[in-house]
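First residue of the sequence shown: 31, per the working numbering; consecutive thereafter.
C-beta: ideal position from N, C-alpha, C; glycine also.
Reviewing the structure listed below.
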Amino acid sequence: MTYQNPPMPPRKSATFDDHTLAEIRRAAATGIYDIRGGGTKRKLPHLDDLLFLGASMSRYPLEGYRETCGTGVTLGTRFAKKPIALKIPITIAGMSFGSLSANAKEALGRGASLAGTSTTTGDGGMTDEERGHSEILVYQYLPSRYGMNLRDLRRADAIEVVVGQGAKPGGGGMLLGQKISDRVAAMRDLPQGIDQRSACRHPDWTGPDDLEIKIGELREITDWEKPIYVKVGGARPYYDTALAAKAGADVVVLDGMQGGTAATQDVFIEHVGQPTLACIRPAVQALQDLGLHRSVQLVISGGIRSGADVAKAIALGADAVSIGTAALVAIGDNDPAYEEEYRKLGSTAGAYDDWHEGRDPAGITTQDPELAARLDPVRAGRKLANYLKVMTLEAQTIARACGHNHLHNLEPEDLVALTLEAAAMARVPLAGTDWYPGKAGF
Numbered sequence: 031m032t033y034q035n036p037p038m039p040p041r042k043s044a045t046f047d048d049h050t051l052a053e054i055r056r057a058a059a060t061g062i063y064d065i066r067g068g069g070t071k072r073k074l075p076h077l078d079d080l081l082f083l084g085a086s087m088s089r090y091p092l093e094g095y096r097e098t099c100g101t102g103v104t105l106g107t108r109f110a111k112k113p114i115a116l117k118i119p120i121t122i123a124g125m126s127f128g129s130l131s132a133n134a135k136e137a138l139g140r141g142a143s144l145a146g147t148s149t150t151t152g153d154g155g156m157t158d159e160e161r162g163h164s165e166i167l168v169y170q171y172l173p174s175r176y177g178m179n180l181r182d183l184r185r186a187d188a189i190e191v192v193v194g195q196g197a198k199p200g201g202g203g204m205l206l207g208q209k210i211s212d213r214v215a216a217m218r219d220l221p222q223g224i225d226q227r228s229a230c231r232h233p234d235w236t237g238p239d240d241l242e243i244k245i246g247e248l249r250e251i252t253d254w255e256k257p258i259y260v261k262v263g264g265a266r267p268y269y270d271t272a273l274a275a276k277a278g279a280d281v282v283v284l285d286g287m288q289g290g291t292a293a294t295q296d297v298f299i300e301h302v303g304q305p306t307l308a309c310i311r312p313a314v315q316a317l318q319d320l321g322l323h324r325s326v327q328l329v330i331s332g333g334i335r336s337g338a339d340v341a342k343a344i345a346l347g348a349d350a351v352s353i354g355t356a357a358l359v360a361i362g363d364n365d366p367a368y369e370e371e372y373r374k375l376g377s378t379a380g381a382y383d384d385w386h387e388g389r390d391p392a393g394i395t396t397q398d399p400e401l402a403a404r405l406d407p408v409r410a411g412r413k414l415a416n417y418l419k420v421m422t423l424e425a426q427t428i429a430r431a432c433g434h435n436h437l438h439n440l441e442p443e444d445l446v447a448l449t450l451e452a453a454a455m456a457r458v459p460l461a462g463t464d465w466y467p468g469k470a471g472f
């Protein structure tokens, strides 16, 4: 009997996978690049690739029910007359009214205030709802200058000069016409219903020397009361952090490429910047080299999801973290309750990222009044506060297990890495060894 090999199944290319082929066809058919919201969807080295070394013999753990573990952090201690004291080291990142509904912005303010932390305005200015429900509000000063005015600068508790964003370092934001309602247009001094694209750089300064002058102006306008943050995208973290600090920043906010955005080109989100994990240690090193670590506070953002992420970022040298996408999920973004409607939009809960279209069934990334009314800001604010509470408790649990009575006592020596990439980026030993790539003496 003759033996015949079974037919081999068709083999698809790893380079030209189904998604790549679909994108080529879409680009060929439309001549338009893809725009979406959210963050990168490719797998990158992240904080999951680190593990904590809990106490046993060489360290003595703290008892969770009897021994306290502090969580507070003060931001802006370098120059500001009125630094801001937070109960937890988790802040809410800048997300604009325009990209988000007014109810969503109110919910973020309510939740942050209940948890004892700050929220941030984002592009497009400050709404009265946001100011009224945010106990501590950071005012973003962006290249677009949309909605910027001296009254709101003075009403804020801190000012964040935005140089870059993790999802699009070197690129500006987008807000399509369907989301530019009458109110958004009035706040941004734009025509209603017309697409707008934010500038990628500030119009009145081009480098760190000019930034120092601009920070001085902002301090004079606010009588040196408000902390001045500088936010940079995770591209060249050592030099960007050093230059921001030398320009006079009280706080440096460093946003890795796992950070989200309201809308930009997909090619930016997936191919520009560095993973958050790769950014932390160079930024810390820059502050240490200048003798400013802990004097200039470092806030890390970009893919922070849990108390473990918070604890790991702090152990690597951050003073606090900031969350955006996770906060939106907490208040109801991509809720499976709207699965049928997500499917009608050609997506599914957990994957919906067409935030620029303004048709979000959850009422969060929209200016449609009927959709926006679906989000109850009071209930959503409570949900965010619950989430922030859980994150904080998780981080405290880890710190106690490592023998620390404050989150800021966590240190790199509490960590090991699971992969060579993570060991090199975090500069902590590969698990089971005392070595990491690039370690001096090896």
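Relative to the C-alpha of D153, which residue among P467, S174, H163, I166 is closest? For D153, the nearest C-alpha among the options comes from S174.
Starting from Y268, trace the beta strand (DSSP E) in both directions and tell me its first and last residue. DSSP places Y268 in no beta strand (DSSP E) but in the uninterrupted alpha helix (DSSP H) bounded by 267–276.
When you compare only the Cα positions, how much space is there between K117 and R55? In a straight line, the C-alpha of K117 is about 51 Å away from that of R55.
Let's test the definition: count the other Cβ atoms within 10 Å of the Cβ of I245 and tell me whether it reaches 16, buried, or not, exposed. Under this definition I245 is a buried residue.
Hey, which unbroken runs of the alpha helix (DSSP H) at 4 residues or more fall wholly within the stretch 211–247? Listed in chain order, they are 212–218.
Ranges of the alpha helix (DSSP H) found wholly within the stretch 138–199, counting only runs of at least 4: Taking only runs of at least 4 residues, the alpha helix (DSSP H) segments lying wholly in the stretch 138–199 are 158–163, 180–185.
Would you call the stretch 359–370 in contact with the stretch 301–315, where contact means no fewer than 3 C-beta pairs closer than 8 Å? No contact exists between the stretch 359–370 and the stretch 301–315.
For R324, the first and last residue of its enclosing beta strand (DSSP E): DSSP places R324 outside any beta strand (DSSP E), giving it a letter other than H or E.
Residues near A415 in its chain [Cβ-Cβ closer than 7 Å; skip 5 each side]: Answer for A415: G141, L144, A145, listed in chain order.
For P66, does the three-state DSSP call read helix, strand or coil? The sequence shown places Arg at residue 66, not Pro. Judged by DSSP in its simplified three-state form, R66 adopts strand.
Alpha carbon to alpha carbon, how far is V446 from I344? Spanning the two alpha carbons is a distance of roughly 14 Å.
Just tell me which of A350, H76, G337, D339 has its CA closest to the CA of Q327. Measuring from the Cα of Q327, the nearest candidate turns out to be A350.
Hey, would you say G136 sits closer than 8 Å to Y169, going by beta carbons? Per the sequence shown, residue 136 should be read as Glu rather than Gly. No; because the gap between Cβ atoms is not below 8 Å, this pair is not in contact.
Supposed contact pair T101 and P113 - C-beta distance, whole angstroms, cut 8 Å: In fact, because the Cβ distance is near 17 Å, the residues do not count as touching under 8 Å.
Please classify H301: is it buried, with 16 or more other beta-carbons within 10 angstroms of its beta-carbon, or exposed? Its Cβ having fewer than 16 others within 10 Å, H301 is exposed.
Work out the CA separation of E242 and K276 for me, nearest whole Å. Put simply, the backbone Cα of K276 is about 8 Å away from that of E242.
Spatial neighbours of F298 in its chain, beta-carbon cut-off 6 Å, leaving aside the 5 residues before and after: Excluding positions up to five away in sequence, the list reads K198, G201.
If we ignore side chains and look at the alpha-carbon of each, how far apart do G380 and D365 end up? Cα atoms of G380 and D365: separation of roughly 8 Å, rounded to the nearest angstrom.
Pick helix, strand or coil for T294, following the three-state DSSP scheme. In the three-state reduction of the DSSP assignment, T294 falls in the strand class.
Enumerate in chain order the residues of its own chain whose CB-to-CB distance from G155 is below 6 Å, with the five nearest sequence positions on each side excluded. Apart from the 5 residues on each side of it in sequence, G155 sits with its Cβ closer than 6 Å to the Cβ of G177, M217 in its chain, given in chain order.
At the level of alpha carbons, what is the spacing between S86 and Y171? One alpha carbon belongs to S86, the other to Y171, and they sit about 48 Å apart.
Since A134 contacts L405 with CB under 8 Å, what's their CB separation in whole angstroms? Yes, they are in contact, since the Cβ atoms of A134 and L405 sit about 6 Å apart, within 8 Å.
Enumerate in chain order the residues of its own chain whose CB-to-CB distance from D280 is below 6 Å, with the five nearest sequence positions on each side excluded. Only G106, R108, F109, A110, P257, I258 meet the Cβ criterion.
Could you tell me if the beta carbon of H301 falls within a distance shorter than 7 Å of some heavy atom in the ligand MN? The ligand MN is not among the ligands present in this structure, which contains no ligands whatsoever.
Quick check: the Cα distance between D270 and K374, rounded to an integer number of angstroms? Their Cα atoms are separated by approximately 43 Å.
State the CB to CB distance for the pair N128 and V214, rounded to an integer number of angstroms; the pair is presumed to be in contact (CB under 8 Å). Before going on, a small fix: residue 128 reads as Gly here, not Asn. That pair is a contact at about 5 Å.
Taking the alpha carbon of D477 as the reference point, which residue from Q195, D296, T306, A132 has its own alpha carbon closest? Residue 477 is absent from the structure shown; the chain starts at 31 and stops at 472.
According to the Cβ coordinates, are G333 and G264 closer than 8 Å? Cβ atoms of G333 and G264: not closer than 8 Å.
Nearest CA to the CA of G67: which residue from G207, F46, G290? Out of G207, F46, G290, G290 has the C-alpha closest to the C-alpha of G67.
Beta strand (DSSP E) containing V340: first to last residue? In this chain, V340 is not harboured by any beta strand (DSSP E); it is covered by the alpha helix (DSSP H) spanning 337–345.
With DSSP run on the structure shown, which of helix, strand or coil describes H436? Residue state, collapsed to three classes: strand.
Give the DSSP-derived three-state secondary structure of V458 in the structure shown. DSSP places V458 in coil when its eight states are reduced to three.
From what residue to what residue does the alpha helix (DSSP H) around K413 run? Note, K413: alpha helix (DSSP H), 407–431.
Just tell me which of I120, A115, G139, L92 has its CA closest to the CA of S126. Closest by alpha carbon: G139.
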